[in-house]
Structures are given as C-alpha cells and as structure tokens.
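Visitor: I have a structure I would like to understand better, so I am pasting it below and will then ask my questions one at a time.
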Amino acid sequence: CHYCGIRADHSSLQRYRMRPEEVLACARAVRALGCGTIVLQAGEDPGLDAATVADLIRRIKGDLHLAVTLSLGERTPQELALWRRAGADRYLLRFETGNVALYRRIHPGLNGEPSTPAGRIALLATLRGLGYEIGSGVLFGLPGQTWDSLAADLLKFRELDLDMIGCGPYIAHPATPLGRTRVRRPAADQAAGDELTACKVLALSRLLCPAANIPSTTAMTVVGSGTGLPRGLQCGANVLMPCLTPWKYRRLYEIYPGKPVASFTRGSDKALLAALGQAGRQPGVGPGSRRCSQ
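Next comes the structure, spelled out in structure tokens:
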C-alpha cells in the first residue's frame, strides 16, 4: 500500500516474524492480565502459512479460552474457513476508502490487476458467511479524500452491519510513495486527519452502529493533544487495545512516524484501570462479543 510504513519495498526496515511459542507467551500474558480476548495481527506475509496460524488458534482457545480476533489481510476463502474451524471468532479487514479512484491511488493491484474496495467488501461477506464477527474501517484525511466520500464510508458501516469498527487518521510516512508526494494546497472539500475529525468519526460511527465494538486507538494520541485515548472513549469508543508484543519486535512496527512503542506490562494495567475510573468507565469481562438486542 502506498501509505503504509511496512510496505514491501521499504527495504531499510528490519522485518520480523514471531515464533509460535513467543505468540503463545503473549497470549498467556493476556490471560494473566484478566483480558478475555486477543488480536493476532500481521502483514500480508506469504511465509505465514495457514496451518501454523490454525495451530496457534487451537492452542490459544484450548489452553487459555480467549476469544481470538485475526487481522491478517486478504487471505483465501479456504484459509479463512480453516481458521474459523480452528476456533477464530472475529476478523478485521479495513476497506480503507470506498472511493474507487482514491483506493487505486493508495492500494495498487497485484499482477497488474486493478484494485477496488469491492474486493475487500466481498471478502467481508465471505467472512460473515463463515460465522466470523466482522470488523472494518477506513483511513480519514487521505490526500484527495473529500468529506462526501468520508460520509459515504461511514454510511457503509451501517450497511455492512459491522461488529467492529476501526478507523484512523492518515499519518504520512516519509518512506512511502504517498508520504513523499509533494503537499499541495488542499481542496476546500479535503477531509481532515486531525483530532477533531477523529472524534467526529468515532461519534458518527457509534450513532450509525450502536452495538459495534469501536476502539480508541494509539493514533489518537499522535494527532491529538496527548489525551487521545480517554477522549476517544468520551466520543463513542468502548474498546482499548493494549499491546503485549515484546518490545524488541514492537519497536520495529513502524506503520507511521511517532507510533508509541511502549509495551503493556503488569504495572501498566493499574494505570489503565485508574484512567478508566477517572473517565467513569469500568472494564468489561469475558470475550467482548458484540452486544446485540436480538
């Protein structure tokens, strides 16, 4: 992708792949902290074979009884079905923008084939048919993105009846084609990527999808005043996602400049609980499934 700091041609970036036992150690730490769910995330890595992922899911579900969310990019229906049979509960796949022309500018097709957001939206339907809870979302503030386009994307959340919604501001990375593009005077209808827009996107997502799980993300702290995470909770978010990836790997995960790299530890949970209490919130328990009225 032309905006992503871990894109394939970023040759100076040190790559890593965690060993299965390292992933399981992180999962045990998640359980020890009292969390009921874990997210397994990776780039679109051809070396991450489906059988290894399926075995990880089975061991996490069988030994630790955690709900498992996957965020592994565009994979084949056969792989997605295998992981669902292994016990995966949810899958997160953002369509980034529903505007076809903008999508093609930021997300080149493979093997010369044109790319469209319709492919990812179709894959979300496949995931739902397999029994996953589905999550998606968009980038806002992309160069050339209009307010009308962003509004259409938010309405798409309701149409898709998303179980999870994850949106984030576009933060330019200097090692990407989009980040190296000369900044021109933005058009009058250019959608912003600032903290105010982030809060509005959260609030509108909550109004459109009242039952969805919506995280307040670390990107909020980068574009905001440093109080992004609690402010996100005030604007409609109901999920925080502390990262337990070991620091030696986490520091290499540079999808955008300024991304916080501190890992969540046993001491961190007390500070998080205190912050939740100050915001008038109590931590949930259990697998964290979407709450539906039906």
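Per my numbering, residue 454 is the first one in the sequence shown, and the count goes up by one each step.
Think of the CB as a built atom: it goes at the ideal place given N, C-alpha and C, for glycine as much as any other residue.
Could you say which of M471, L595, C454 lies nearest to Q643 if we only look at CA atoms?
Guide: The residue you call residue 643 lines up with position 190 of the sequence shown. Measuring from the Cα of Q643, the nearest candidate turns out to be L595.
Visitor: Have a look at L477, L661, H518 and flag the residue whose alpha-carbon is nearest the alpha-carbon of G540.
Guide: By 1-based counting over the sequence shown, the position of residue 540 is 87. Out of L477, L661, H518, H518 has the C-alpha closest to the C-alpha of G540.
Visitor: Are three or more beta carbon pairs between the segment 594-610 and the segment 655-665 nearer than 8 Å?
Guide: At 8 Å Cβ cutoff, the stretches touch.
Visitor: Determine the closest residue to I491 out of A478, G500, L501, with distance taken between C-alpha atoms.
Guide: By 1-based counting over the sequence shown, the position of residue 491 is 38. Closest option to I491, Cα to Cα, is A478.
Visitor: Three or more C-beta pairs closer than 8 Å, one from the segment 500-511 and one from the segment 545-556: is that the case here?
Guide: The segment 500-511, when compared against the segment 545-556, does not touch it at the 8 Å Cβ threshold.
Visitor: Quick check on DSSP: helix, strand or coil for A520?
Guide: Translated into positions along the sequence shown, residue 520 becomes position 67. Strand, per DSSP.
Visitor: In whole angstroms, give me the CA-to-CA distance for K723 and P699.
Guide: Position 270 of the sequence shown holds residue 723. Position 246 of the sequence shown holds residue 699. So the two alpha carbons sit approximately 19 Å from each other.
Visitor: Hey, how far is the Cα of R557 from the Cα of L649?
Guide: On the sequence shown, residue 557 is found 104 positions in, with the first residue counted as 1. On the sequence shown, residue 649 is found 196 positions in, with the first residue counted as 1. So the alpha carbons of these two residues sit roughly 27 Å apart.
Visitor: Let me confirm a value: A640 is counted as buried when at least 16 other C-beta atoms fall within 10 Å, else exposed. Which label applies?
Guide: Translated into positions along the sequence shown, residue 640 becomes position 187. Exposed, by the Cβ-count rule.
Visitor: Looking only at its chain, what residues have a beta carbon closer than 6 Å to the beta carbon of A628, apart from the 5 residues adjacent to it on each side?
Guide: Looking up residue 628 in the sequence shown gives position 175. Here the set comprises H463.
Visitor: Taking the alpha carbon of L693 as the reference point, which residue from K701, I667, T674 has its own alpha carbon closest?
Guide: Here residue 693 refers to the residue found at position 240 when the sequence shown is read from its first residue. Among K701, I667, T674, the Cα nearest to that of L693 is on I667.
Visitor: Among V738, A672, P695, R538, which has the Cα closest to the Cα of E707?
Guide: Within the sequence shown, the letter at position 254 stands for residue 707. That would be A672, whose Cα lies nearest to the Cα of E707.
Visitor: Residues bridged to R543 by DSSP?
Guide: Taking the sequence shown and counting its residues from 1, one reaches residue 543 at position 90. Looking at the DSSP assignment, R543 forms a beta bridge with T522, E586.
Visitor: Identify whether T579 lies in helix, strand or coil by the three-state DSSP scheme.
Guide: Your numbering for residue 579 matches position 126 in the sequence shown. If DSSP states are grouped into helix, strand and coil, T579 belongs with the helices.
Visitor: Nearest to Q444 by alpha carbon, out of L583, C696, Y456?
Guide: Lying before the first or after the last residue shown, residue 444 is absent from the chain, which here runs from 454 to 747.
Visitor: Indicate whether P622 and V676 have their beta-carbon atoms separated by less than 7 Å.
Guide: Within the sequence shown, numbered from 1, the residue matching residue 622 stands at position 169. Within the sequence shown, numbered from 1, the residue matching residue 676 stands at position 223. Yes; because the gap between Cβ atoms is below 7 Å, this pair is in contact.
Visitor: Roughly how far, in whole angstroms, is the beta-carbon of R543 from the beta-carbon of E586, given that I think they are within contact range, below 8 Å?
Guide: Start at 1 with the first residue of the sequence shown, and residue 543 comes out as number 90. Start at 1 with the first residue of the sequence shown, and residue 586 comes out as number 133. Confirmed, Cβ separation roughly 4 Å.
Visitor: Which runs of the alpha helix (DSSP H) spanning at least 4 residues fall entirely within the segment 469-525, listed in chain order?
Guide: Segments of the alpha helix (DSSP H) lying fully in the segment 469-525: 473-485, 503-512.
Visitor: Near T569, which residues of its chain fall below 8 Å by C-beta distance, leaving aside the five closest residues on each side in sequence?
Guide: The residue you call residue 569 lines up with position 116 of the sequence shown. For T569, where only same-chain residues beyond five positions count, the Cβ hits under 8 Å are V553, Y556, R557.
Visitor: Indicate whether T652 and L615 have their beta-carbon atoms separated by less than 7 Å.
Guide: Here the question's residue 652 lines up with position 199 in the sequence shown. Here the question's residue 615 lines up with position 162 in the sequence shown. Residue 652 is actually Cys in this sequence, not Thr. Contact: no.
Visitor: Checking 7 Å against the spacing of the C-beta atoms, do G422 and H626 come in under that value?
Guide: Look at the range of the chain in this structure, 454 to 747, and you will see that residue 422 is not part of it.
Visitor: Would DSSP call Q735 helix, strand or coil?
Guide: Translated into the one-based positions of the sequence shown, residue 735 becomes position 282. Note: Q735 maps to coil in three-state DSSP.
Visitor: Does the Cβ-Cβ distance between V476 and L525 come in under 7 Å?
Guide: Within the sequence shown, numbered from 1, the residue matching residue 476 stands at position 23. Within the sequence shown, numbered from 1, the residue matching residue 525 stands at position 72. No; because the gap between Cβ atoms is not below 7 Å, this pair is not in contact.
Visitor: Give every residue of the same chain whose Cβ lies closer than 6 Å to the Cβ of T670, excluding the five residues on either side of it in the sequence, and list them in chain order.
Guide: To locate residue 670, count along the sequence shown from 1; it is residue 217. The residues are G621.
Visitor: Using CA coordinates, which residue listed in S589, L486, H455 is at the minimum distance from A571?
Guide: Residue 571 sits at position 118 when you count from the first residue of the sequence shown. Out of S589, L486, H455, S589 has the C-alpha closest to the C-alpha of A571.
Visitor: Taking Cβ to Cβ, would you say L686 is nearer than 7 Å to A732?
Guide: As a first step, residue 686 must be located in the sequence shown, where it is residue number 233. As a first step, residue 732 must be located in the sequence shown, where it is residue number 279. Yes.
Visitor: Verify whether the separation of the beta carbon atoms of Y456 and L705 is less than 7 Å.
Guide: Walking along the sequence shown from the start, residue 456 turns up at place 3. Walking along the sequence shown from the start, residue 705 turns up at place 252. Contact flag unset, no.
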